[in-house]
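2 protein chains.
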Amino acid sequence: MDEILEIKPERIENDFKILETFTDPEAPWTRRAFSLQNKEARKWLADQFRAAGLDVYNDAASNLIGRRGGDGDQVFMMGSHSDTVIEGGRFDGIVGVLGALEIARCLQDSDIELSLPLEIVDFTCEEPTVPISPVGSRIIAGDITQKDLEGVITPFGETIHKAIDDLGGDSSNISKAKRALGQIAGYLELHIEQGAVLEKEELAAGIVTAIAGPCRGTVQFIGQPEHAGATPMPDRKDALVAAAELVIAIEKIVTTTGMSEENVGTVGWMNVSPNMINVVPGQVDMSVEVRSTDLESLVLVRKSLEEEVEKISEKRKIESKLTWDHLEDPVPLPLFMQDVVKSAFTDLSIPIKYLPSRASHDAARIAPITPAGMVFIRCLEGKSHCPEEWTSMDDIVLGIRLLGQSLLRLNENFLKNKKG
Amino acid sequence: MDEILEIKPERIENDFKILETFTDPEAPWTRRAFSLQNKEARKWLADQFRAAGLDVYNDAASNLIGRRGGDGDQVFMMGSHSDTVIEGGRFDGIVGVLGALEIARCLQDSDIELSLPLEIVDFTCEEPTVPISPVGSRIIAGDITQKDLEGVITPFGETIHKAIDDLGGDSSNISKAKRALGQIAGYLELHIEQGAVLEKEELAAGIVTAIAGPCRGTVQFIGQPEHAGATPMPDRKDALVAAAELVIAIEKIVTTTGMSEENVGTVGWMNVSPNMINVVPGQVDMSVEVRSTDLESLVLVRKSLEEEVEKISEKRKIESKLTWDHLEDPVPLPLFMQDVVKSAFTDLSIPIKYLPSRASHDAARIAPITPAGMVFIRCLEGKSHCPEEWTSMDDIVLGIRLLGQSLLRLNENFLKNKKG
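Protein chains in written order, with my numbering: chain A, 1 to 420; chain B, 1 to 420.
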């Protein structure tokens, strides 16, 4: 299929420049969900959606939605999020929102009608600004219900109810934002990789196969704080040696269990107590995080990790506690959606590269109710969630072309299935 | 040899009660060197020394010295320190000072003359209140000279010169406090074990064989901070995994190198950066401490540790830096001084138990210029340098009896050698 959308790089570049002005003057590139900057950006985005000929509305979850193509419950959907973490992310989420906007403009420019209405979405609060995030995409999928909102307070000291209402939502009726299975005929999202796989292979873009589920926990080892000089080695209950064994074990477990190339495991945070040079550490608290794009591998990894904590604890006669704080299954993206995206790559003569997403996205949250597909573009040195996050305008433009072509291929696929 | 000194438990108990009043009302059992409480305690101690019939003076290093038995350069010496760390140590050092005082009183009570004058000493600033500590015992041994005092400031904001002078010293002439080799015919110190070896074997007291030298360093591993989800395992430069390997390696090195039962090794302090659950740690700074009572083992342990840092660094392609901040050789106590102390144990029908000291003491600092012997008494659960530090009055009294008997045995030994 030929490329018929005429993506205009200068429009996109201009969008980025303006959207970047809605950031916290105190912290670089910061636009947290529910912040003043988030509200201002939303107003500007709504104006751009309108200028692209879209009907603009906020659903009950305060997702900002621009719609093209008349009535009907069933739609195609594209989107991502414009909110960021603190100090970062000029491209994370944003390329997906501005990309969808550019495609809506191109559809308008060329007066192209799809076989279903199209909705482009800036999802509310994808980043972990509140504990229940991502908020908008989870509400659409029915994964957050009314009672999950109870007691949730934003970092700005408001209830999430007030924060959602202030963004144009209807927090007392959030189930209205829920879409039924089949109502979204297909969902597409463009995103930066947030890793360095594409960059290392000198590729600008790739097709996402699956989205890893992060499983996060906390491990506590409680030994005995003692004089580091006066306590013979066999008499020690050194919590840090136990913790070190677990750090090493996690690396070994993820690299040897199941489909090991799909797994990652990290101890990112560790607190040693009393943390004094001449005292045997009496307590260590540490995070454990394991992710995999393969469910069976993830289950095995988690089981091995739990056994390892027990084993270390028994061997060293040290108390231990492992608490899983957050468990998420990996989300495989449907093969036919991967095929839809692949066709777009082929149409544009872009080398085919499949890769998993180890970071999570709105696509993962909406996937339970709709077939989702994702296009990744490379980013500099895999850096993300930091002021240094960077993607070139050339790669962004290519990503948007692939997203647009994927939409047309999705439309074609839908028509074919309807007829067939 | 019979026990001829009549140790009076009620006097000792009373000393402890009064000395404990000279502590910081803000922090339990705290009497830091050069503090107001240190000065007040010194005044009271000087009065007690005088009441025991001693001639009292401060040497140039402001060590508080009580002398019995007339003129002459050569002396027997007993002592320890009455200063503490923050929040701790009701017995650490103090049993040695009050023990020496009680023995001086007993010598006066029974009108016993030794073959040399006896000096009992409350050494100035044994605890790490200033970087050059222990101050008093190192000056006596000539290990701190005038120029080492330059630029040293106490936690109370004074120069160490002023602090020493305020305690009765002569900071511009500290070499006057130095004793020549042979001037101290023998040194004895009673101390709590600060470990749990005696308690575990249900023994009240032991004979110290050697004092371990602490070697302290800092290791820095610099890897690459990256997204914990998006960075495949083979692409990581995880500084915490490197640090964990070193923690495990240190345990292995000290327990398998040289006279391994003499070694200890500890990572007590660790700082992980950026220390976030979803970021691969980019940098770890950590302390390393190794001690041994055996010099050869200590040398081998240090060498292995240095090699291990290199090995981990190369294997993981992570930058590393090991800096030794403090190196101290182990101090073996002379066999004839161990024998002197052993005779005292035999005289009092106390089971013979030899053990090393893995904490350092004034005895270690004065050992280069005099034969030193030490008696250890047990302390509760090995706890020290904390408000929970505890030793029973029964064990203290026994310790003082052993110290006194050791002094008489030292005197006997000195006479024998003089004749022989």
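We put the beta carbon where it would ideally sit given N, CA and C, even for glycine.
Those residues of the stretch 76-104 of chain B placed with their C-beta closer than 9 angstroms to a C-beta in chain A do not exist. Not a single C-beta of chain A is nearer than 7 angstroms to the C-beta of B/V219. If only complete runs of 4 or more residues are kept, the stretch 281-364 of chain A shows the alpha helix (DSSP H) at 295-316 and 335-347, in order along the chain. Between B/M1 and B/D347, the C-beta gap is smaller than 7 angstroms, which places the two residues in contact. Comparing alpha carbon positions, the residue from B/A60, B/V267, B/R67 and B/G96 closest to B/T145 is B/A60. Scanning the stretch 98-184 of chain A for uninterrupted beta strand (DSSP E) segments of 3 residues or longer gives 118-122, listed from N- to C-terminal end.
B/F414 and B/G373 have their C-alpha atoms roughly 14 angstroms apart. Considering only A/D339, A/E289, A/E306 and A/K353, the residue with the shortest C-alpha distance to A/L327 is A/E289. For B/M77, the beta-bridge partners assigned by DSSP are B/E119 and B/Y187. Residues of the stretch 389-402 of chain A with a C-beta less than 9 angstroms from any C-beta of chain B: none at all. Selection A/R138, A/G79 and A/A204 evaluated against A/D395 yields A/A204 as nearest (Cα-Cα). The C-beta of A/S297 comes no closer than 7 angstroms to any C-beta of chain B. A Cβ of chain B is located within less than 7 angstroms of the beta carbon of A/A230. For A/A210, the uninterrupted beta strand (DSSP E) run begins and ends at A205 to I211, by DSSP.
The shortest C-alpha to C-alpha distance from A/V97 to any of A/P117, A/V241, A/D109 and A/D83 is the one to A/D83. Residue-level contact by beta carbon fails for A/L380 and chain B, as no gap is shorter than 7 angstroms. Not a single CB atom of chain A sits nearer than 7 angstroms to the CB of B/L190. For a cut-off of 8 angstroms, the C-beta gap from A/P117 to A/R68 is around 6 angstroms, short enough to register as a contact. Contact check between the stretch 232-242 of chain B and the stretch 334-341 of chain B: fewer than three CB pairs, one atom from each, fall below 8 angstroms, which does not count as touching. Listed in chain order, the positions of the stretch 21-46 of chain B with a beta carbon within less than 9 angstroms of a beta carbon of chain A would be empty, since no residue qualifies. For the pair of segments examined, the stretch 165-176 of chain A was found not to touch the stretch 126-133 of chain A: the number of CB pairs separated by less than 8 angstroms stays below three. Within the stretch 329-359 of chain A, contact with chain B at the beta-carbon level (separation under 9 angstroms) is assigned to S357, R358 and A359. Per DSSP, the beta bridge partners of B/A372 are B/Y187.
Fewer than three beta-carbon pairs drawn from the stretch 367-386 of chain A and the stretch 297-307 of chain A are found closer than 8 angstroms, and the two stretches are therefore not classed as touching.
B/I248 reaches chain A at V241, A244, E245 and I248, counting residues in chain order whose Cβ is nearer than 8 angstroms. By the CB criterion at 7 angstroms, A/A359 and B/G229 fall inside the cutoff. Sequence-ordered contacts of the stretch 191-218 of chain A with chain B read E193, Q194, G195, A196, V197, K200, A212, P214 and R216 [C-beta pairs closer than 8 angstroms]. The C-beta separation of B/L188 from B/L403 comes to about 6 angstroms, placing the pair in contact by the 8 angstroms criterion. Pairwise C-beta distances place the stretch 361-373 of chain A in contact with the stretch 178-192 of chain A, as three or more of them are shorter than 8 angstroms.
Residue environment analysis places A/T30 among the buried positions, since at least 16 neighbouring C-beta atoms fall within 10 angstroms of its C-beta.
For the 7 angstroms CB-CB criterion, B/I139 and B/I174 form a contact. For A/E307, none of the residues of chain B pass the 7 angstroms Cβ criterion, the least Cβ distance being about 18 angstroms. In this structure, the alpha-carbon of A/F76 lies about 8 angstroms from that of A/L407.
With its beta carbon less than 7 angstroms from one in chain A, B/V280 belongs to the interface.
The contact set of B/V264 on chain A, defined by CB atoms closer than 8 angstroms, consists of A228, G229, T231, P232 and M233 in chain order. In the three-state reduction of the DSSP assignment, B/E202 falls in the coil class, being assigned neither a helical nor a strand state.
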